[in-house]
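Counting in the numbering used here, the sequence shown runs from 1098 upward without gaps.
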Amino acid sequence: MAEPFKMVVRVALALPVRETFDYSVPEELVSHVRVGCRVFAPFRSRKATGYIIEITQRAETEGLKRIEEVLDSEPLFHDDLVRFFSWAADYYLAPIGKFIQSALPGGLNTSTFLCCEITPSGTKSIDLLGRESEAVKVLTWIGNNPGKRILPEHKKILPLLKKNGWIAIDEKITRRRAGPLLKRFVMPRPGKELKSVIECLSGKRHTDQETEFLTHVFRSGETSLQEIRSRFSRGDYLCRKWIGKNVLEICCKPVLRDMAGNILSISTPPAKLFEQQEKALSVIGDHLERKRFSVCLLHGATGSGKTEVYYGAIRKAVEMGRKAILMVPEIALSVYMEGIFKSRLGDRVAVYHSGLGEGERFDQWMRMARGEVDMVIGARSALFSPLPNLGLIIVDEEHDTSYKQEESPRYQARDAAVARGRIEKAVVVLGSATPSVQSYQNALTGKYHLLTMPDRVEQRPLPFIRVVDMKTLSGRDRKNPIMSPVLRKALAHHLAEGRQAMLFLNRRGFHRVLLCRSCGKSVRCPNCDLALIHHLKENLLACHYCGFRTGLRKTCPSCGKEGMILYGFGTERLESEVRECYPSARVERMDRDSTSRKGAPFQILKRFAERQVDFLVGTQMITKGYDFPNVTLVGVINADSTLGFPDFRAAERTFQLLSQVSGRAGRGAHEGEVVVQTFNPEHYAVVSARDHDYLSFFERERQLREQLGYPPFSYMACLKLQGAVEKETDAVALRMGEAMLGILEKWPRRGKEVQVLGPAEAPLAKLKGKYRRQILIKCRKAGLLHYFLGEVEMLARRIMRSTGVGLVIDVDPYQML
């Protein structure tokens, strides 16, 4: 007789390992196992949390370890999302378990900890060993704290104590920090009727409030205890009394956390579409009807009404019974979009981003997993939303660099959205007024369908852009080049007219550096070797990379002389300057410092939308797709801030930033004006932005990229090595570079198609105490690049073993610093 088949699960562990592992399922857990559930399982000499990604049946399970616990009563994600996680892990060379862990609400992620109990022989050994010995101290602590988490300083001696049989070691799992919010509700007991209860009260002592209380509870069916307490002065007493009489009962039920306070109240009814919008929506609708994967690039001018096209496409998908994802580049913009879409689609809209609390993210994730919403709005993490039957993915401002995650696991959310669309047979819409060179090239070659909306709605004109050459300033203006006379005059005019203005400067802080008058050197971060930035509010110097902070100093750390001066400016100083120049103006600042508190971006945008603010100063946060009709002036303080970046995309980013921030002006009844301050007025990125000429910029940039072999005419990866010892880091980087060239020499034909550049110092050569080196790889074929990277990974394991140097492989790098 054949052996009965037994259940086996494939598990992706939340550990830095690329492999997945098979486990057998004990009989008592079989009914609880489903794809998308978390499990607790042994791994080597420890235990770990993992995610079930496949379930199979086998006749033979000998040699397989068994899962110990299923942590979820319902799946957190579905099969199609498993396929997407697998693709992302393979393409971006990251552990699939880490990808899943980063996608889930943080409060669901668990970890393990060691705990110990002392054995009888361990208790006896305390009397035999010297009182001052380390073993006795640890044994005594364990004896006094059985089952408690072991302190870090005790871990080194645990193997010895276990070997001697003095302790028993166990591994436990931490409780999740987020889960459903449970509230207590009061309700009538089954079979009880209000009429009969009221009749029993007649002739007995009772109050009118008692009758009102019972009537309210019976008619509402169930009432939260919180509501009863706020509505009735003796609410607790009345509940206890009637629960004791077996008329009412109390139960706990999960409820959604209230997020209403974080939504901008933008109640705009759907606008009548213009011809160019109708054409674009018609094409997207046709693609949705076919129920096949396709990508549409929606190239629409700022203010052309792309949001209305998004809404029409989402409504079409929902009518077809499919779900939609709307991705935006900034959390603040998701708050803005949420207000628009919830006013039209109601409560079946979820929002998901890292700005939410862990409990709020849990609520939103589970609503999506259960199919209780039709669409989700969020930043790049919204791409991993567990929506079943996904039909539409929209990536707004698809060009934005915020879609690239620079922390592990690294991925490009726009490109990954295209991959998820292919896996789930969904339509992907990439929208932008300034499409990335890569996306526009894909449209020209037929990979994407190009949809254009060149005009603003109602034929409103694009804003007039005036470029100010800062080299021509003279006298006092040259000494204090924050705002040119042209910009000052424009601000005064628009303020007098009752209009609003935005001032863009992509630098935080008050002063940029603290300089020595004698030697010219700046005060630098000891961990990153970068100039520290002055922040006026705290009156200290801070590093924007590692968080190091220190006070101001009178003497130079390099030469020891006195005479330190603060130099340069950031958004804090710009805000101060504007307040000083225009005392009657209401000024706000929006940057990472001013929006660090939860809900702060929402509050700033709310005040600006309600015209409680005249001038909004900010970094690139304010350049995104906001629509404030009363904004008629935009000032760009320093258009050159991104031009000097050591990055082949520097010109593209400059053009996009200038075009996007300019597009915030003149979106209402009044024409817009833009003042751009620059020391490079002849640069093609500045000229093209001034002329609102995307095509001329694209053609110039495309030619340069093709000549130099940069994307979209190649695929790239960047090997980032970092170590605490500079000489060791250099030596390992050199060995890696030579070994990589050695591999290519063994490939007589394919080796010529791969180019290895470096190793070289990273532009930020020291960061957070680590020395950094880079090796850049370029290849015209994605498949060949990934095959080569597989060889590089094996090479790195051999070369970097037992060194203090770490390696990160960044596929499709965006941040070259």
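By construction, the Cβ of each residue, glycine as well, lies at the ideal position given by its N, Cα and C atoms.
Exercise. Counting pairs of Cβ atoms below 8 Å between the region 1584 to 1598 and the region 1638 to 1649, do you hit three or more?
Worked result: These segments do not touch.
Exercise. Can you name the residues that DSSP bridges to A1447?
Worked result: The count along the sequence shown starts at 1 and reaches residue 1447 at position 350. Partner(s): V1473.
Exercise. Of the residues I1896, L1322, S1499, which one's Cα is nearest the Cα of C1349?
Worked result: As a position in the sequence shown, residue 1349 is number 252, starting the count at 1. Here the closest residue by C-alpha is L1322.
Problem set entry | the region 1744 to 1751 / the region 1689 to 1706 touching (three or more Cβ pairs under 8 Å) | no
Exercise. Which of the three DSSP states, helix, strand or coil, is assigned to K1103?
Worked result: Against the sequence shown, residue 1103 aligns to sequence position 6. Strand, per DSSP.
Exercise. Can you tell me where the alpha helix (DSSP H) with I1924 in it begins and where it stops?
Worked result: Given a span of 1098 to 1914 for the chain in the structure shown, any question on residue 1924 remains unanswerable.
Exercise. If you draw a straight line from the alpha carbon of G1820 to that of V1784, how long is it in whole angstroms?
Worked result: Counted from its first residue, the sequence shown places residue 1820 at position 723. Counted from its first residue, the sequence shown places residue 1784 at position 687. Using only the alpha carbons, I get a separation of about 42 Å.
For this session: Could you give the DSSP three-state label for V1565: helix, strand or coil?
Result: For this step, residue 1565 is matched to residue 468 along the sequence shown. Strand, per DSSP.
For this session: For the alpha helix (DSSP H) holding I1490, just list the boundary residues, first then last.
Result: Residue numbering aside, residue 1490 sits at position 393 when the sequence shown is read from its first letter. That residue, I1490, is in no alpha helix (DSSP H); its beta strand (DSSP E) goes 1487 to 1493.
For this session: Could you check the C-alpha separation between R1316 and G1332 for me, to the nearest Å?
Result: Reading the sequence shown from its first residue, position 219 is the one you call residue 1316. Reading the sequence shown from its first residue, position 235 is the one you call residue 1332. About 17 Å.
Exercise. F1776 by DSSP, collapsed to three states: which one?
Worked result: Reading the sequence shown from its first residue, position 679 is the one you call residue 1776. If DSSP states are grouped into helix, strand and coil, F1776 belongs with coil.
Exercise. If you draw a straight line from the alpha carbon of R1557 to that of F1725, how long is it in whole angstroms?
Worked result: Sequence index remark: in the sequence shown, residue 1557 carries index 460 (1-based). Sequence index remark: in the sequence shown, residue 1725 carries index 628 (1-based). Taking the straight line joining both Cα atoms gives about 14 Å.
For this session: Might you give, ordered along the chain, the residues of its own chain that have their beta carbon closer than 7 Å to the beta carbon of M1465, omitting 5 neighbours on each side?
Result: Taking the first residue of the sequence shown as 1, we reach residue 1465 at position 368. So the qualifying residues of the chain are A1447, V1473, S1482, P1483, L1484.
Problem set entry | Exposure label - E1375; buried when at least 16 CB within 10 Å | Taking the first residue of the sequence shown as 1, we reach residue 1375 at position 278. Counting C-beta atoms within 10 angstroms of its own C-beta, E1375 has fewer than 16 neighbours from the protein chains shown and is therefore classed as exposed.
Exercise. Skipping 5 residues on each side, what residues in its chain have a beta carbon closer than 6 Å to that of K1289?
Worked result: Residue mapping note: residue 1289 aligns to position 192 of the sequence shown, counting from 1. The answer, listed in chain order, is V1344.
Exercise. Given a threshold of 16 other Cβ atoms within 10 Å of its Cβ, counted over all protein chains shown, does Q1709 qualify as buried or as exposed?
Worked result: Locating residue 1709 in the sequence shown gives position 612, where the first residue counts as 1. Under this definition Q1709 is an exposed residue.
For this session: Check whether the region 1593 to 1603 touches the region 1812 to 1829, taking contact to mean three or more Cβ pairs, one atom from each stretch, closer than 8 Å.
Result: The answer is no - the region 1812 to 1829 does not touch the region 1593 to 1603, with fewer than three Cβ pairs under 8 Å.
Exercise. In whole angstroms, what is the alpha-carbon distance linking E1495 and A1109?
Worked result: Against the sequence shown, residue 1495 aligns to sequence position 398. Against the sequence shown, residue 1109 aligns to sequence position 12. When rounded, the distance between both Cα atoms is 31 Å.
Exercise. Which residues bound the alpha helix (DSSP H) around E1825?
Worked result: Indexing the sequence shown from 1 puts residue 1825 at position 728. Residue range 1823 to 1842 is occupied by the alpha helix (DSSP H) that includes E1825.
Problem set entry | Beta carbon of Q1535 nearer than 8 Å to that of P1808 | Taking the sequence shown and counting its residues from 1, one reaches residue 1535 at position 438. Taking the sequence shown and counting its residues from 1, one reaches residue 1808 at position 711. Closer than 8 Å, so yes.
Exercise. If you draw a straight line from the C-alpha of V1352 to the C-alpha of L1173, how long is it?
Worked result: Here residue 1352 corresponds to residue number 255 of the sequence shown, with the count starting at 1. Here residue 1173 corresponds to residue number 76 of the sequence shown, with the count starting at 1. The straight-line gap from Cα to Cα measures roughly 18 Å.
For this session: Look at the alpha carbon of E1798 and the alpha carbon of H1780, and state the distance between them as a whole number of angstroms.
Result: Position 701 of the sequence shown holds residue 1798. Position 683 of the sequence shown holds residue 1780. So the alpha carbons of these two residues sit roughly 12 Å apart.
For this session: Taking C1297 as part of the alpha helix (DSSP H), name the residues at either end of that continuous run.
Result: Along the sequence shown, read from residue 1 onward, the residue named residue 1297 stands at position 200. In this chain, the alpha helix (DSSP H) harbouring C1297 covers 1291 to 1298.
Problem set entry | Separation of Y1407 from E1157, as counted between CA atoms | Residue mapping note: residue 1157 aligns to position 60 of the sequence shown, counting from 1. Residue mapping note: residue 1407 aligns to position 310 of the sequence shown, counting from 1. If I take the Cα positions, the gap works out to 52 Å.
Exercise. With a CB to CB cut of under 6 Å and the five nearest residues on each side skipped, what residues in its chain are close to V1771?
Worked result: The sequence position of residue 1771 within the sequence shown is 674, counting from 1. Contacts found: P1560, I1562, V1731, S1759, A1762.
Exercise. Would a C-beta distance cut-off of 8 Å place A1540 and L1395 closer than the cut-off?
Worked result: In the sequence shown, residue 1540 corresponds to position 443, counting from 1. In the sequence shown, residue 1395 corresponds to position 298, counting from 1. Going by C-beta atoms, A1540 is not nearer than 8 Å to L1395.
Exercise. Who are the near neighbours of Y1508 in its chain, counting only those whose CB is closer than 7 Å to its CB and skipping five residues on each side?
Worked result: Taking the first residue of the sequence shown as 1, we reach residue 1508 at position 411. So the qualifying residues of the chain are A1185, Y1189, Q1502.
Exercise. Taking buried to mean at least 16 other C-beta atoms within 10 Å of its own C-beta, is S1691 buried or exposed?
Worked result: Sequence index remark: in the sequence shown, residue 1691 carries index 594 (1-based). Buried, since its Cβ has 16 or more Cβ neighbours within 10 Å.
Exercise. Given T1739, which residues of its chain have a CB within under 8 Å of its CB, disregarding the five upstream and five downstream residues?
Worked result: By 1-based counting over the sequence shown, the position of residue 1739 is 642. Around T1739: N1603, A1747, R1750, T1751, L1754.
Exercise. From what residue to what residue does the alpha helix (DSSP H) around I1381 run?
Worked result: Locating residue 1381 in the sequence shown gives position 284, counting from the first residue. Here the alpha helix (DSSP H) through I1381 covers 1372 to 1387.
Exercise. What three-state label does DSSP hand S1899 in the structure shown?
Worked result: Within the sequence shown, residue 1899 is the residue found at index 802, counting from 1. Coil at S1899, not helix or strand.
Problem set entry | Best match in V1620, E1669, D1737 for proximity to R1605 [C-alpha to C-alpha] | Within the sequence shown, numbered from 1, the residue matching residue 1605 stands at position 508. Closest option to R1605, Cα to Cα, is E1669.
Problem set entry | Residue interval of the beta strand (DSSP E) (run including A1860) | Stepping through the sequence shown from its first residue, residue 1860 is reached at position 763. Note that residue 1860 is Pro in the sequence shown, not Ala. Where P1860 is concerned, the enclosing beta strand (DSSP E) stretches over 1851 to 1864.
For this session: Enumerate in chain order the residues of its own chain whose CB-to-CB distance from T1498 is below 6 Å, with the five nearest sequence positions on each side excluded.
Result: Residue numbering aside, residue 1498 sits at position 401 when the sequence shown is read from its first letter. Closer than 6 Å at the Cβ level, and outside the excluded window around T1498, lie Y1911.
For this session: Leaving aside the five residues before and after S1619 along the sequence, list all residues of the same chain whose C-beta is less than 7 Å from its C-beta, in chain order.
Result: Your numbering for residue 1619 matches position 522 in the sequence shown. Around S1619: V1610, L1611, L1612, A1628.
Exercise. In whole angstroms, what is the alpha-carbon distance linking K1103 and E1165?
Worked result: Counting from one through the sequence shown, the residue named residue 1103 turns up at place 6. Counting from one through the sequence shown, the residue named residue 1165 turns up at place 68. When rounded, the distance between both Cα atoms is 16 Å.
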